[in-house]
Each structure stands twice: as structure tokens, then as C-alpha cells.
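S.K.: Residue numbers (my numbering): 143 to 616. No residue lacks a Cβ here, since even glycine has one placed at the ideal position from N, Cα and C.
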């Protein structure tokens, strides 16, 4: 709308701007947000729009199926959908109140009369029909501002729904990643237990032949028990990860979802769009922008409430038998009244309402600036993290390769009596830590890649809900 565009131009000065003049009332000049750069500070990414089917890059049909299940069944999305429905109904209500208001009434009864000459009482039926109409003319655009503000509220609510869908889709993908990491860590713990069990058997054989001391046996048994405890802890973590995922997708947390314990290898991020492009992609930014528009329109509405108002009223009633006379335009016009009212004294209430609306618009504008800055930071964080997590994974792969070789060498040397049990347990622990850290780094990179697409506003499966939809679109 033109009115919305005007307010957006006044309020959304996301450069080296200021609010200037809000709702016709002078306000202090203050900065809104820094000028958006032409490109991201992170190196190695292009300004091309990122892919909208970002889930496909993980090549994981189970992940996509779970995200779709979340969008279909998650109660938080359904709750936000009904918030949209309520906001849509409220917008219709605001528009309906701007139209002429007509009320009709009817009454029926009997009239009792007494005639002395006949010494009799007579009863006659009596009825009355009436209608009242009133309408406040929108002389200055105050009513229109209220309608536009309600429509802006609806736009914000719909953007909130889109944001909830994107956020919950990303949470589901991250929960699936966390589950695979937990199961991979559990597998490492089991592998460690098996290695230490073999070490214990070797130690007991050596002790039986008198080649080692009882201390070595005790240490080997302690290491095995520690590995057993680690398995229990890892299984608890994987169970918690399953239940968290099940609740996200709208299932009972029965620890029933299975996963392959695998994490994908990802290429570097290439297309990331631009900081300016981000503002049109993220639904939370769109919601904040719509709230700025609504706040500006309500500030305008509060200012216009100080001006005169014109109200037209008309009323007719009919006690005759011809019902059509009730709606005779001539009779209605004959009873029409036009009144102009100008606020004179109300204890400063209207001016206080105006000042409050302007202050609220400033607050909403500041919230918008904070939302924009947070959006930019989240993208920059994700871009930087992807680079460093890739470096961590690469270095950790080398560390794991060396740790595996060291463990194999330590096992052979301990079998030949060249090193102590301390050296073998230390080598096993280093291999365990290296493998566990590599899994965590790979998982963190996958989760960060999902967070990047969440930050960039990248799409999710399913169509957004339409303005005219009466049913939920998953």
C-alpha cells in the first residue's frame, strides 16, 4: 500500500539514517543501523543467492522426511498457525468497524383500553419497528490508518509463522545430526571397551606366565570398567537425542527412531548472497519490518485523533403495517443528522496517547535495527565457523590416523614386554579422544551448515500459508 510504503520510507532508514519526523511529530534524531556492506566480511563466498533446497545437499532422505514430519505435526507450528488465523480475523474486525453500523429492533405487545359507555375493556395488538444507523467519515485517514495497521499485524504474524517453520525445520535437522553424533560416539565407546578387554586378557595371560605384575592387571581392569561406564554415558546421551528428535516431529518420546551413526562430508560454503539480500530473505526480519509499519500507522492514527471527526447518524421507526416504509430513503434522509466533534479538553489524554504511540514506534524501530544486526552477525558467524571447523576436522583426521597407528604399535610392544600397561592405556585413550573429537568436529560443521541456512533464510519444504487459506498448509 502507498501509506505503508510511506511509513516504511520514514521509519526503515537502515543506513546512516534517522527517524526524522514520525507521525507528524518532531522526534529526536538517532541512528538506526549501520550501512549494509556490499559483501560479507568472510572471504571465499560469492554474492549469489544460496540454494533454497538446502536439505538436499546433505543427501539424507531420512533427514528430509523428519523435517517434513515436523512441519506437519509439531504443535508449536500449529499454535502459530492459529495465531495467524486470529490476527486475520482481527484485521477483518477492524475493517468491519469502519463501515456504517446499522441496528434494527422490533417490539410487539397489546394495548388495553376501557370504554365506559359499553362498560367493556378492549385489547388491540401493538408493534413497533425501528432502525438506527451511524457512520464516522474518514476525513483525515485515521480509520484507514487503523485498517492498514491491522493488515501490517497480519503480515507480521504470517512472517512469524514462516520463521517458526524455518526454525523448527532447522532444529529437526540439527537434532538428527546430534543423534547421529551420539550414536557414533557410542560406537567409539564400544570399540574402546573391546580394545581394553583385549588388553586385559593379554595382561592376565602375561601375569599368569609371570611376565608382569598384579598392578598391571588391576590397571587394565580399571581401564575396562572406565570404558564400560563411558558406554553407559554415551547410550544415555543417544537416548536423550532420540527423544528430543521425537518430540520435535510430534511423536511420543519412546526412543524408537533409528539412525545410521553417519555424518556427511561437506564442501565449503560458496553462495551466501549479500547483507542487503538477507533483509528480504529472513522471515523474522520481515516480521519486524511489518511491526515497524504497524507502529508507524498507529502513531499516525493517534495524531489524527486530535483532529475533528464527522459522524452521520439516522434513525427511523414505524408502527404502521407497511414494513417497507421503514427503509424508505426519503424517511431515512429526513431523520439523518450530521455532527462534527472537535476534542477540546480531555485532560491531555489524546496527546498522551499520541506521545505513547510515537515512543512505541521508536522502540519497535530500535527492535528492527537489533534484528537486522543479529541477522548479519549470525551469517558472519556461520561463514567464519565453517572455515575453522573444516580446518579442525582436517587436523583431527591426521591426529586420529597417528593415534590409531600409535595404539597398534603400543599393543605390539606391550605384547613383547617392551612397554608398560601405562603406555598402552595412554595410547588407547589418545585414540579414543582423537576419534571422539573428530566426530564432534564433523557434527559441529554439519550443525553450523544448517545454522547458516537458517541465518540466511534458506527455504524449507512446503508452501507458506496463504492469506486466504482456511486450512493449515504443512
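If we cut at 7 Å on Cβ distances, does residue 190 have a partner in chain C?
M.R.: Although the question refers to chain C, the structure presented lacks it and comprises just one protein chain.
S.K.: Under 7 Å between the Cβ atoms of residue 102 and residue 348?
M.R.: Shown here, the chain extends from 143 to 616; a query on residue 102 therefore has no answer.
S.K.: Taking the straight line between their C-alpha atoms, what separation do you get for residue 335 and residue 390?
M.R.: What you label residue 335 is simply residue 193 of the chain shown in a count that begins at 1. What you label residue 390 is simply residue 248 of the chain shown in a count that begins at 1. Approximately 33 Å, taken between the alpha carbons.
S.K.: Residue 599: buried (16+ other C-beta within 10 angstroms of its C-beta) or exposed?
M.R.: As a working note, residue 599 is residue 457 in the chain shown. Counting Cβ neighbours within 10 Å, residue 599 comes out buried, since at least 16 surround it.
S.K.: Compare the C-alpha of residue 312 against each of 367, 212, 177 and 444 and name the closest.
M.R.: For the purposes of this step, residue 312 is taken as residue 170 along the chain shown, with counting starting at 1. The residue with the shortest Cα to Cα distance from residue 312 is 212.
S.K.: Report yes or no: do the segment 575 to 583 and the segment 529 to 546 share at least 3 C-beta pairs separated by less than 8 Å?
M.R.: A contact exists between the segment 575 to 583 and the segment 529 to 546.
S.K.: Would the segment 296 to 314 and the segment 374 to 385 be scored as touching if the rule is three or more Cβ pairs under 8 Å?
M.R.: No, the segment 296 to 314 is not in contact with the segment 374 to 385.
S.K.: For residue 597, which residues of its own chain have a beta-carbon under 6 Å away from its beta-carbon, when the five flanking residues on both sides are left out?
M.R.: Position 455 of the chain shown holds residue 597. Only 520, 521 and 524 meet the Cβ criterion.
S.K.: Among the residues of its own chain, which have a CB less than 7 Å from the CB of residue 588, if the five just before and after it don't count?
M.R.: Residue numbering aside, residue 588 sits at position 446 when the chain shown is read from its first letter. Around residue 588: 319, 405, 406 and 408.
S.K.: Based on the DSSP output, what are the partners of residue 507 in its beta bridges?
M.R.: Along the chain shown, read from residue 1 onward, the residue named residue 507 stands at position 365. Its beta-bridge partners do not exist; DSSP assigns none.
S.K.: Go ahead and pull the three-state DSSP assignment for residue 282.
M.R.: Against the chain shown, residue 282 aligns to sequence position 140. Three-state result, residue 282: coil.
S.K.: Would the segment 441 to 460 count as touching the segment 234 to 241 if we require 3 or more Cβ pairs under 8 Å?
M.R.: Counting Cβ pairs under 8 Å, fewer than three are found: no touch.
S.K.: In whole angstroms, what separates the C-alpha of residue 490 from that of residue 421?
M.R.: Working through the chain shown from its first residue, we reach residue 490 at position 348. Working through the chain shown from its first residue, we reach residue 421 at position 279. Going from the Cα of residue 490 to the Cα of residue 421 covers about 40 Å.
S.K.: Going by DSSP in three states, residue 625 sits in which element: helix, strand or coil?
M.R.: The question about residue 625 has no answer here: the residues shown for the chain are numbered 143 through 616.
S.K.: Should residue 195 be labelled buried (16 or more other beta-carbon atoms within 10 Å of its own) or exposed?
M.R.: Residue 195 sits at position 53 when you count from the first residue of the chain shown. Exposed: under 16 other Cβ atoms inside 10 Å.
S.K.: Tell me residue 228's beta-bridge partners as DSSP assigns them.
M.R.: The residue you call residue 228 lines up with position 86 of the chain shown. DSSP, once it has assigned bridges, lists no residue as partnering residue 228.
S.K.: Answer yes or no: do residue 397 and residue 384 have a C-beta to C-beta separation smaller than 7 Å?
M.R.: Counted from its first residue, the chain shown places residue 397 at position 255. Counted from its first residue, the chain shown places residue 384 at position 242. It is a contact, given that the beta carbons lie within the stated cut-off.
S.K.: Given a cut-off of 7 Å, decide if residue 325 and residue 228 are closer than it, judged by their beta-carbon atoms.
M.R.: On the chain shown, position 86 is the one that residue 228 refers to. On the chain shown, position 183 is the one that residue 325 refers to. No; because the gap between Cβ atoms is not below 7 Å, this pair is not in contact.
S.K.: With DSSP as the reference, label residue 619 as helix, strand or coil.
M.R.: Summary: the structure shown does not reach residue 619, with the chain confined to residues 143 through 616, and so no result is reported for it.
S.K.: Quick check on this structure: which residue in 576, 563, 546 and 526 has the alpha carbon closest to the alpha carbon of residue 593?
M.R.: The sequence position of residue 593 within the chain shown is 451, counting from 1. That would be 526, whose Cα lies nearest to the Cα of residue 593.
S.K.: So what does residue 413 bridge to, in DSSP terms?
M.R.: One-based indexing of the chain shown puts residue 413 at position 271. According to DSSP, residue 413 bridges with 188.
S.K.: Per DSSP, what kind of secondary structure is residue 600 in: helix, strand or coil?
M.R.: Position 458 of the chain shown, counting from 1, holds the residue named residue 600. DSSP places residue 600 in coil when its eight states are reduced to three.
S.K.: Considering only the beta carbon of each residue, do residue 317 and residue 386 sit closer than 7 Å?
M.R.: Indexing the chain shown from 1 puts residue 317 at position 175. Indexing the chain shown from 1 puts residue 386 at position 244. Yes. Within cutoff.
S.K.: To which residues of the same chain is residue 183 closer than 7 Å at the C-beta, ignoring the five residues directly before and after it?
M.R.: Mapped onto the chain shown, residue 183 falls at position 41. Cβ within range, chain order: 522.
S.K.: Indicate the three-state DSSP secondary structure (helix, strand or coil) for residue 404 in the structure shown.
M.R.: Position 262 of the chain shown, counting from 1, holds the residue named residue 404. Residue state, collapsed to three classes: coil.
S.K.: Starting from residue 399, trace the alpha helix (DSSP H) in both directions and tell me its first and last residue.
M.R.: Position 257 of the chain shown, counted from the first residue, corresponds to residue 399. Premise fails: residue 399 is in no alpha helix (DSSP H) and is neither H nor E.
S.K.: Which residue wins for smallest C-alpha separation from residue 548, given the options 530, 571, 528 and 529?
M.R.: Residue numbering aside, residue 548 sits at position 406 when the chain shown is read from its first letter. Minimum Cα distance to residue 548 is reached at 571.
S.K.: With distances taken Cα to Cα, identify the nearest neighbour of residue 393 among 207, 216 and 189.
M.R.: Residue mapping note: residue 393 aligns to position 251 of the chain shown, counting from 1. Ranking the options by Cα distance to residue 393, first place goes to 216.
S.K.: Can you list, in chain order, the stretches of the alpha helix (DSSP H) that have 4 or more residues and sit fully within the segment 341 to 372?
M.R.: With a minimum length of 4 residues, no continuous alpha helix (DSSP H) run stays inside the segment 341 to 372.
S.K.: According to DSSP, is residue 443 helix, strand or coil?
M.R.: Taking the first residue of the chain shown as position 1, residue 443 is located at position 301. If DSSP states are grouped into helix, strand and coil, residue 443 belongs with the helices.
S.K.: Pick helix, strand or coil for residue 391, following the three-state DSSP scheme.
M.R.: One-based indexing of the chain shown puts residue 391 at position 249. Correct three-state label for residue 391: coil.
S.K.: Is it true that the CB of residue 338 sits closer than 7 Å to the CB of residue 365?
M.R.: Taking the first residue of the chain shown as 1, we reach residue 365 at position 223. Taking the first residue of the chain shown as 1, we reach residue 338 at position 196. Contact: yes.
S.K.: Quick check: what's the CA-CA separation for residue 361 versus residue 416?
M.R.: Taking the first residue of the chain shown as position 1, residue 361 is located at position 219. Taking the first residue of the chain shown as position 1, residue 416 is located at position 274. Roughly 58 Å separates the two Cα atoms.
S.K.: Helix, strand or coil for residue 177? Go by DSSP, reduced to three states.
M.R.: Indexing the chain shown from 1 puts residue 177 at position 35. In this structure, residue 177 counts as coil in the three-state DSSP scheme.
S.K.: Is DSSP giving residue 321 helix, strand or coil here?
M.R.: Position 179 of the chain shown, counted from the first residue, corresponds to residue 321. Here residue 321 sits in helix by DSSP.
S.K.: Could you please give the first and the last residue of the uninterrupted alpha helix (DSSP H) stretch that includes residue 207?
M.R.: Taking the first residue of the chain shown as position 1, residue 207 is located at position 65. Looking at the DSSP string, the run of the alpha helix (DSSP H) that includes residue 207 is 203 to 215.
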